[in-house]
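Novice:
There are 2 protein chains.
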Amino acid sequence: MADDSFGTFRRELLDSGLVLDAGVEGLYGRSLAYEEIISGIMGLTTRTGADDGAMSVHFPPVIPRWLLEKTDYLKSFPDLTGSVHTFRGDDKLHARLLALVDGGHDWVEVLEPADVVLRPAACHPVYPLCTDGPLPDGGRRFEVHGWCFRHEPSADPARMLAFRMHEFVYVGDPDGATAHRDAWVKRGTAMLEGLGLEVDVVVANDPFFGRVGRVLAANQREEALKLEFVTPITSTESPTAIASVNRHQDHFGVTFGISSADGGVAHSACFAVGVDRTALALLKRHGLDPSGWPADVRARLWP
Amino acid sequence: MADDSFGTFRRELLDSGLVLDAGVEGLYGRSLAYEEIISGIMGLTTRTGADDGAMSVHFPPVIPRWLLEKTDYLKSFPDLTGSVHTFRGDDKLHARLLALVDGGHDWVEVLEPADVVLRPAACHPVYPLCTDGPLPDGGRRFEVHGWCFRHEPSADPARMLAFRMHEFVYVGDPDGATAHRDAWVKRGTAMLEGLGLEVDVVVANDPFFGRVGRVLAANQREEALKLEFVTPITSTESPTAIASVNRHQDHFGVTFGISSADGGVAHSACFAVGVDRTALALLKRHGLDPSGWPADVRARLWP
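From first to last, the protein sequence lines are chains A and F. The working numbering puts the first sequence at residues 1 to 303. The working numbering puts the second sequence at residues 1 to 303.
(1) Within 8 Å of any Cβ in chain A, is that where the Cβ of Trp66(F) sits?
(2) Find the residues of chain F that neighbour Pro61(A), judging by a C-beta separation of less than 9 Å, and give them in chain order.
(3) Would you report the Cα separation of Thr278(A) and Ser5(A), rounded to the nearest angstrom?
(4) Who are the neighbours of His85(A) on chain F, taking C-beta pairs under 7 Å?
(5) Can you tell me the Cα-Cα spacing of Val126(F) and His145(F), whole angstroms?
(6) Between the Cα of Ile41(A) and the Cα atoms of Gly274(A), His267(A), Leu74(A), which residue gives the shortest distance?
(7) Could you name the residues of chain F that Ser56(A) contacts, counting a contact when the two beta carbons are closer than 8 Å?
(8) In terms of residue numbering, what span does the alpha helix (DSSP H) encompassing Ala95(F) cover?
(9) Please compile the residues from chain A whose C-beta is within a distance smaller than 7 Å of the C-beta of Gly264(F).
(10) State whether the stretch 74 to 89 of chain F contacts the stretch 47 to 56 of chain A, with contact taken as three or more CB pairs (one from each stretch) at a distance under 8 Å.
(11) Quick one, which residues of the stretch 193 to 212 of chain A are near chain F if we go by CB-CB under 9 Å, in chain order?
(12) I'd like to know whether the C-beta of Arg96(A) is nearer than 8 Å to at least one C-beta of chain F.
(13) Shorter than 8 Å from the beta carbon of Arg88(A) to some beta carbon of chain F?
(14) By Cβ distance below 8 Å, which residues in the same chain neighbour Arg30(F) in space, the five residues on each side in sequence not counted?
(15) Quick check: what's the CA-CA separation for Phe271(F) versus Ser260(F)?
(16) Check distances from the C-beta atoms of the stretch 274 to 290 of chain F to those of chain A and list, in chain order, the residues that come in under 7 Å.
(17) Please work out which residues of its chain come closer than 8 Å, Cβ to Cβ, to Thr178(F), disregarding the five sequence neighbours upstream and downstream, and give them in chain order.
(18) Should Ala2(F) go down as buried or exposed, given a rule of 16 or more other Cβ atoms within 10 Å for buried?
(19) With distances taken between CB atoms, is the gap from Glu12(F) to Leu288(F) smaller than 8 Å?
(20) For a contact meaning CB atoms closer than 8 Å, what does Lys311(F) contact in chain A?
(21) Determine the DSSP secondary structure at Gly264(F), reduced to helix, strand or coil.
(22) What's the C-alpha gap between Glu280(F) and Ser291(F)?
(23) What ranges does the beta strand (DSSP E) occupy inside the stretch 20 to 87 of chain A, keeping only unbroken runs of at least 3 residues that lie completely in it?
(24) For Met165(A), name the three-state secondary structure that DSSP assigns.
(25) Taking all protein chains shown into account, decide if His105(A) is buried (16 or more other Cβ within 10 angstroms of its Cβ) or exposed.
(26) Run down chain A in chain order and give the residues with a C-beta less than 7 Å from the C-beta of Leu301(F).
(27) Taking CB distances under 8 Å as the criterion, tell me whether Leu135(F) reaches chain A.
(28) Measure the alpha-carbon distance for Thr131(A) versus Glu25(F) and round it to whole angstroms.
(29) Helix, strand or coil, according to DSSP, for Ala2(F) in the structure here?
(30) Does the stretch 113 to 127 of chain A come within contact of the stretch 165 to 176 of chain A, defined as at least 3 CB pairs closer than 8 Å?
(31) Here's the rule I'm using: 16 or more other beta-carbon atoms within 10 Å means buried, otherwise exposed. How should Gly263(A) be labelled?
(32) Under 8 Å Cβ to Cβ from Glu193(F), same chain only, skipping five residues before and after it: list those, please.
(33) When the Cβ atoms of the stretch 179 to 188 of chain A are set against those of the stretch 144 to 162 of chain A, are three or more pairs found closer than 8 Å?
(34) Do you know how far the Cα of Phe142(A) is from the Cα of Asp72(A)?
(35) How about Leu129(F): is its C-beta nearer than 8 Å to some C-beta of chain A?
(36) With 16 as the cutoff for other CB atoms within 10 Å, does Val116(F) come out buried or exposed?
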């Protein structure tokens with residue numbers, strides 16, 4: 001049973017104290033020992049991409065509402081969205097809010113949308129940075145990481161509501177995007193195998209929503225636009241994606257009006273590590289005590 | 001003019017490339033150089049609190065909705081709240097969502113509340129960890145840091161929508177809470193003055209909402225429950241709070257049913273560093289190029 005395998009590993013993680021139940025399905029606190037694994041993976045990812053000469057940028061866990069509306073995110077993944085709402089009323093409406101809360105009722109009716117939403121992927125905020133004229137020869141490269149949110153509550157500890165993603169992004173011409181993809185398939189495989197993980201690189205699709213989504217998913221697979229690095233965490237039959245490479249073709253170029261050096265519409269591609277999932281994969285593979293992990297794995301994470 | 005001083009420093013920060021306009025008032029990207037200041041402040045804060053023997057825990061930027069409802073946050077700060085909403089509909093409702101977005105309309109009507117809200121302060125998730133029986137002698141201590149959200153869009157770069165907070169929390173008896181406060185007034189002052197900042201510790205109040213809020217604020221000041229470490233950033237007349245110590249009395253003890261070792265209702269207190277604000281204070285004080293900061297300041301941040 002898939003649910004049983006989730007449950008066993010989840011209980012082991014909680015019993016070990018590495019992660020803490022934060023009070024809602026899919027939400028976890030992290031111990032210092034767990035966070036040291038996270039830092040190790042992120043440091044290794046940075047070093048693995050050092051030759052990219054990428055600009056390192058860091059963004060908060062919320063992004064502008066207009067940015068999500070401008071991309072196709074609400075079309076493709078409405079069910080994963082985290083829209084932020086706030087209270088802009090007066091004392092009278094405030095009394096109404098408190099009455100709703102006290103009565104155990106939904107209090108959304110007295111809220112208004114804020115100008116931000118939760119960030120679904122680390123790279124979203126970098127594309128608007130590329131709109132001030134054509135890109136330089138060779139395109140632009142970004143390293144970006146941080147907290148992301150996807151609303152998919154699950155008992156599977158590898159499917160967290162909030163998690164860290166670490167990306168290397170290329171924005172430039174079509175050949176450059178393909179080269180970025182190819183380079184990171186190799187680098188990503190070497191990096192993850194160097195951590196002792198058994199990794200397969202497989203054609204995959206994003207979890208597009210609804211009827212139209214089934215068509216989008218089929219197209220994405222047919223063109224092999226998404227490759228996932230999968231490894232067993234809670235199931236050997238259904239290994240978990242811990243990283244991916246994605247060719248966006250001209251999706252963000254068209255959306256944000258980004259021009260490549262030759263004046264064409266920019267193409268983009270990214271390599272993304274699911275940092276928390278990679279931490280879980282390491283804990284599954286090497287055991288719940290990082291001090292006992294193989295010396296070469298430890299040396300790669302914490303040189 | 002206060003607004004002018006905001007504007008000048010904001011422009012200097014953006015022109016330097018240390019922070020990036022993320023497309024909504026109060027939301028910023030961060031450069032690698034800026035993030036190294038953040039890491040420096042957080043490392044220094046950890047070392048400053050090493051004698052506390054605190055349990056280090058880390059939580060995502062969202063917390064359970066029930067946790068916010070259980071505390072008095074919605075009573076005291078409804079206008080700062082970030083409530084998270086998502087889409088749980090079918091294909092038909094999805095079509096309605098997309099039509100609203102395409103028409104430039106508010107699309108909240110098709111959303112439902114998620115089980116989480118944005119975290120307003122780093123320490124909120126630690127109190128539920130203290131509910132499994134009476135606290136040990138000497139109480140419990142936590143170190144906790146991470147992204148927080150307060151909905152207060154502003155042109156003042158020191159008033160960000162999303163920012164990092166680093167806290168040392170005590171949960172135990174009343175005397176222990178007072179001792180925690182007193183110890184951290186001294187430690188916090190020494191830590192911030194060691195960074196070359198001119199700091200005053202002043203009685204302060206939280207920005208409680210509305211008519212009732214004015215009474216709460218007056219009470220808080222009268223009992224000196226909140227002390228802020230203030231320093232000039234965008235104004236010398238109205239210096240900015242970059243850290244604070246807070247006695248919560250039995251607020252969280254009552255709310256979460258926490259008992260101290262002697263069986264009484266637990267009291268709590270915390271020291272909180274506004275990490276982004278402290279970074280801005282350092283940039284204002286020592287200039288926009290951290291490589292040129294005084295050697296002793298650099299040594300404390302990056303030993």
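Where a beta carbon is used, it is the ideal one built from N, C-alpha and C, also for glycine. Being a predicted model, the structure only gives us computed values, none of them experimental.
Specialist: The structure says:
(1) By one-based count along the second sequence, residue 66(F) stands at place 66. Contact of Trp66(F) with chain A is assigned, a C-beta pair being separated by under 8 Å.
(2) As a working note, residue 61(A) is residue 61 in the first sequence. Residues of chain F passing the Cβ test: Pro60, Pro61, Val62, Leu118, Trp147, Phe149, Ala162.
(3) Stepping through the first sequence from its first residue, residue 278(A) is reached at position 278. Stepping through the first sequence from its first residue, residue 5(A) is reached at position 5. About 18 Å.
(4) Walking along the first sequence from the start, residue 85(A) turns up at place 85. Neighbours of His85(A) on chain F, chain order: Ser83, His85, Val108.
(5) Against the second sequence, residue 126(F) aligns to sequence position 126. Against the second sequence, residue 145(F) aligns to sequence position 145. Straight-line Cα distance between these residues: approximately 11 Å.
(6) Position 41 of the first sequence, counted from the first residue, corresponds to residue 41(A). Of the candidates Gly274(A), His267(A), Leu74(A), the one whose C-alpha sits nearest the C-alpha of Ile41(A) is Gly274(A).
(7) Within the first sequence, the letter at position 56 stands for residue 56(A). What Ser56(A) touches in chain F, judged by beta-carbon distance under 8 Å, is Ser31, Leu32, Glu35, going in chain order.
(8) By one-based count along the second sequence, residue 95(F) stands at place 95. For Ala95(F), the enclosing alpha helix (DSSP H) covers residues 91 to 102.
(9) Stepping through the second sequence from its first residue, residue 264(F) is reached at position 264. For the C-beta of Gly264(F), not a single chain A residue is nearer than 7 Å; the gap to the nearest is close to 25 Å.
(10) The stretch 74 to 89 of chain F makes no contact with the stretch 47 to 56 of chain A; the number of CB pairs closer than 8 Å stays below 3.
(11) Within the stretch 193 to 212 of chain A, the qualifying residues are Phe209, Gly210, Arg211, Val212.
(12) Here residue 96(A) refers to the residue found at position 96 of the first sequence. Between Arg96(A) and chain F, the shortest Cβ-Cβ separation is not below 8 Å.
(13) Here residue 88(A) corresponds to residue number 88 of the first sequence, with the count starting at 1. By this cut-off, Arg88(A) is an interface position.
(14) Counting from 1 along the second sequence, the entry for residue 30(F) is found at position 30. These residues qualify, in order along the chain: Leu18, Val19, Leu20, Ile38.
(15) Numbered from its first residue, the second sequence carries residue 271(F) at position 271. Numbered from its first residue, the second sequence carries residue 260(F) at position 260. Looking at the two C-alpha atoms, the distance is approximately 20 Å.
(16) Taking 7 Å as the Cβ-Cβ cut-off against chain A, none of the residues of the stretch 274 to 290 of chain F qualify.
(17) Here residue 178(F) is taken as the residue at index 178 of the second sequence, counted from 1. Close CB contacts of Thr178(F) within its chain, under the 8 Å cut and outside five residues either way in sequence, are with Arg247, Ala269 (chain order).
(18) On the second sequence, position 2 is the one that residue 2(F) refers to. Confidence is the limiting factor: at Ala2(F) the pLDDT is only 47, short of 50, which leaves the residue's position unreliable, though a coordinate-based value still follows. Taking all protein chains shown into account, Ala2(F) has fewer than 16 neighbouring C-beta atoms within 10 Å of its C-beta and is therefore exposed.
(19) Along the second sequence, read from residue 1 onward, the residue named residue 12(F) stands at position 12. Along the second sequence, read from residue 1 onward, the residue named residue 288(F) stands at position 288. Yes, the Cβ-Cβ distance between Glu12(F) and Leu288(F) is below 8 Å.
(20) Outside the modelled stretch of chain F, which goes from 1 to 303, sits residue 311(F), for which no answer is possible.
(21) Here residue 264(F) corresponds to residue number 264 of the second sequence, with the count starting at 1. Shown here, Gly264(F) sits in coil according to DSSP, grouped into three states, outside any helix or strand.
(22) Your numbering for residue 280(F) matches position 280 in the second sequence. Your numbering for residue 291(F) matches position 291 in the second sequence. Here residue 280(F) turns out to be Leu, not Glu, going by the sequence shown. Answer to the nearest angstrom: the Cα atoms are 15 Å apart.
(23) List check, beta strand (DSSP E) in window: 28 to 31, 55 to 58, 62 to 64, 83 to 86.
(24) Position 165 of the first sequence holds residue 165(A). Correct three-state label for Met165(A): strand.
(25) Here residue 105(A) refers to the residue found at position 105 of the first sequence. Exposed: under 16 other Cβ atoms inside 10 Å.
(26) One-based indexing of the second sequence puts residue 301(F) at position 301. Simply none; closest approach about 17 Å.
(27) Here the question's residue 135(F) lines up with position 135 in the second sequence. For Leu135(F), the answer is no, since every Cβ of chain A falls outside 8 Å of its Cβ.
(28) For the purposes of this step, residue 131(A) is taken as residue 131 along the first sequence, with counting starting at 1. For the purposes of this step, residue 25(F) is taken as residue 25 along the second sequence, with counting starting at 1. Going from the Cα of Thr131(A) to the Cα of Glu25(F) covers about 19 Å.
(29) To locate residue 2(F), count along the second sequence from 1; it is residue 2. Note on Ala2(F): pLDDT 47, under 50, position unreliable in the model; the coordinate value appears next. In this structure, Ala2(F) counts as helix in the three-state DSSP scheme.
(30) Contact between the stretch 113 to 127 of chain A and the stretch 165 to 176 of chain A is present: three or more C-beta pairs spanning the two stretches fall below 8 Å.
(31) Here the question's residue 263(A) lines up with position 263 in the first sequence. Under this definition Gly263(A) is an exposed residue.
(32) As a position in the second sequence, residue 193(F) is number 193, starting the count at 1. Taken in chain order, the residues that qualify are Val199.
(33) The count of Cβ pairs closer than 8 Å, one atom from the stretch 179 to 188 of chain A and one from the stretch 144 to 162 of chain A, stays below three, leaving the stretches out of contact.
(34) Taking the first sequence and counting its residues from 1, the one referred to as residue 72(A) is at position 72. Taking the first sequence and counting its residues from 1, the one referred to as residue 142(A) is at position 142. Put simply, the backbone Cα of Asp72(A) is about 21 Å away from that of Phe142(A).
(35) What you label residue 129(F) is simply residue 129 of the second sequence in a count that begins at 1. Yes - at least one Cβ of chain A is within 8 Å of the one on Leu129(F).
(36) Locating residue 116(F) in the second sequence gives position 116, where the first residue counts as 1. Val116(F) comes out buried.
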